[in-house]
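Novice: For reference, the structure I am asking about is given below.
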Amino acid sequence: MRIATWNVNSLKQRVPRLLPWLDERRPDILCLQETKCADDAFADLLGDELERRGYAVAVHGEATWNGVAILSRVGVDDVAGGLPGGPGFPHQESRAVSATCGGIRVVSVYVPNGREPGSEHYDYKLAWLAALRDMLAAAPQETIVCGDMNVAPTDADVFDPEAYVGQTHVTPPERAALGEIEALGFRDVIRDRWPDERVFTYWDYRAGMFHQDLGMRIDLVLAGAPVAERVRAAWVDRHARKGTGPSDHAPVIVDLDEAPDGDIGPVVPPPSAPVIKRGSGKLPQSP
Numbered sequence: 670m671r672i673a674t675w676n677v678n679s680l681k682q683r684v685p686r687l688l689p690w691l692d693e694r695r696p697d698i699l700c701l702q703e704t705k706c707a708d709d710a711f712a713d714l715l716g717d718e719l720e721r722r723g724y725a726v727a728v729h730g731e732a733t734w735n736g737v738a739i740l741s742r743v744g745v746d747d748v749a750g751g752l753p754g755g756p757g758f759p760h761q762e763s764r765a766v767s768a769t770c771g772g773i774r775v776v777s778v779y780v781p782n783g784r785e786p787g788s789e790h791y792d793y794k795l796a797w798l799a800a801l802r803d804m805l806a807a808a809p810q811e812t813i814v815c816g817d818m819n820v821a822p823t824d825a826d827v828f829d830p831e832a833y834v835g836q837t838h839v840t841p842p843e844r845a846a847l848g849e850i851e852a853l854g855f856r857d858v859i860r861d862r863w864p865d866e867r868v869f870t871y872w873d874y875r876a877g878m879f880h881q882d883l884g885m886r887i888d889l890v891l892a893g894a895p896v897a898e899r900v901r902a903a904w905v906d907r908h909a910r911k912g913t914g915p916s917d918h919a920p921v922i923v924d925l926d927e928a929p930d931g932d933i934g935p936v937v938p939p940p941s942a943p944v945i946k947r948g949s950g951k952l953p954q955s956p
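In case it helps, the working numbering puts the sequence shown at residues 670 to 956.
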């Protein structure tokens with residue numbers, strides 16, 4: 670079974686990239702984030718194309734912002750949108766959807782960005798992660814959480830830790846909140862398989878960040894032990910970040926039970942840019 674996750678940063682904009690990618694990579698389950706469309710708009714945009722490819726869909730969207738979905742060729746049962754008792758801003762946003770697919774409880778999440786440490790957005794992010802933790806504490810062991818976590822788990826998951834000082838995504842409270850989820854028994858399958866490799870999933874559109882491979886690893890697949898033990902390959906499809914009209918995120922792909930493309934490495938294709946010296950990098954918005 671192939672499971673993938675992809676923040677498409679506007680489904681409408683990404684349809685010309687998404688459909689050929691589905692035909693090429695053929696995931697059995699695909700979690701989408703930042704679809705930026707309401708449920709009826711999702712159906713109008715992709716319903717016929719997905720049905721033709723054998724996908725059932727669980728969606729939880731809203732116009733313009735946020736939005737998550739699960740596409741599955743192995744069934745979609747017990748669909749639930751949102752987080753039980755989760756925080757709002759001021760109302761609950763469309764940032765989580767869950768369904769049982771092929772015997773696995775699949776959760777597609779788009780964690781709030783947090784914007785700036787100490788802000789109300791940052792507090793909301795921490796509260797949202799706590800609500801996700803509480804929901805997952807009651808989930809079956811056969812659960813997989815896929816999505817844009819908006820947290821880089823360690824300094825190894827950003828191109829230069831010094832460039833991110835004072836920024837969200839890397840602060841101790843955010844990492845601790847993610848750690849509480851992992852402590853429930855969820856394993857970061859990319860790091861499980863590639864503990865020492867340079868792996869990113871997001872690159873800012875600005876300043877040639879992708880071409881210099883100056884990125885972050887914030888799109889994660891966290892699997893309960895019974896699922897994690899089935900992993901045969903786990904990799905980032907960097908091809909999908911290339912070319913015209915890409916998302917600023919690349920898909921993360923996890924193969925269970927068998928690896929149809931082989932155990933091909935952490936990033937396909939590997940980046941050509943050299944690792945930069947620590948302390949020499951800057952974010953595009955930095956002075």
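Where is the CB? At the ideal position from N, CA and C, for every residue including glycine.
Measuring alpha carbon to alpha carbon, tell me which residue in C700, D692, I672 and L715 is nearest Q682.
Specialist: L715
Novice: Taking Cβ positions, are T674 and C815 nearer each other than 7 Å?
Specialist: yes
Novice: Can you tell me whether H908 is helix, strand or coil according to DSSP?
Specialist: Helix at H908.
Novice: Would you please state the rounded distance, in angstroms, between the beta carbons of V944 and W904? I believe it to be under 8 Å.
Specialist: Between W904 and V944 the Cβ distance is about 19 Å, and since that is not below 8 Å, they are no contact.
Novice: Using DSSP with H/G/I as helix, E/B as strand and the rest coil, what is W690?
Specialist: helix
Novice: Under three-state DSSP, which class holds G893?
Specialist: Residue state, collapsed to three classes: coil.
Novice: Among residues of its own chain, excluding the 5 on either side of A909, which ones have a beta-carbon nearer than 8 Å to its beta-carbon?
Specialist: W675, R686, W690, P915, S916, A919 and P920
Novice: Just to confirm the assignment, what range does the beta strand (DSSP E) spanning G816 have?
Specialist: T812 to D817
Novice: Leaving out five residues on either side along the sequence, give the residues of the same chain with a beta carbon under 7 Å from the beta carbon of R784.
Specialist: H790, Y791 and T837
Novice: What is the rounded straight-line gap between the Cα of L801 and the Cα of G755?
Specialist: 8 Å
Novice: I'd like to confirm the pairing. Which residues does DSSP put opposite D746 in its beta bridges?
Specialist: DSSP lists T769 as partners of D746.
Novice: Pull up the CB-CB distance for I773 and E811, whole angstroms please, since I reckon it's below 8 Å.
Specialist: 5 Å
Novice: Find out if the Cβ-Cβ distance for the pair G730, S767 is shorter than 7 Å.
Specialist: no
Novice: Have a look at D826 and Y874 and give me their C-alpha separation to the nearest angstrom.
Specialist: Each residue's alpha carbon lies about 18 Å from the other.
Novice: According to DSSP, is W872 part of a helix, a strand, or is it coil?
Specialist: The three-state reading of DSSP puts W872 in coil, since its state is none of H, G, I, E or B.
Novice: Pull up the distance between the alpha-carbon of R867 and that of V780, whole angstroms please.
Specialist: Answer to the nearest angstrom: the Cα atoms are 23 Å apart.
Novice: The alpha helix (DSSP H) spanning I859 covers which residue range?
Specialist: V858 to R862
Novice: Between the Cα of F879 and the Cα atoms of V890, V896, D861 and P953, which residue gives the shortest distance?
Specialist: P953
Novice: Applying the 10 Å Cβ sphere with the 16-neighbour rule, what's the burial state of A765?
Specialist: By the neighbour-count rule (16 or more Cβ atoms within 10 Å), A765 is buried.
Novice: I'd like to know whether the C-beta atoms of P696 and R671 end up nearer to each other than 7 Å.
Specialist: yes
Novice: Under 8 Å by Cβ, that's how I've got E851 and D857 pegged, so tell me the actual separation to the nearest angstrom.
Specialist: 7 Å
Novice: Please state whether the Cβ-Cβ distance between V677 and L699 is less than 7 Å.
Specialist: no
Novice: Please classify A897: is it buried, with 16 or more other beta-carbons within 10 angstroms of its beta-carbon, or exposed?
Specialist: buried
Novice: Here's the rule I'm using: 16 or more other beta-carbon atoms within 10 Å means buried, otherwise exposed. How should R947 be labelled?
Specialist: exposed
Novice: Smallest Cα separation from R886: which of S941, F828 and I813?
Specialist: Comparing Cα-Cα distances from R886 to each of S941, F828 and I813, the minimum goes to F828.
Novice: Here's a check: name, in chain order, each residue in its chain whose Cβ is nearer than 6 Å to the Cβ of S949, leaving out the five neighbours to either side.
Specialist: none
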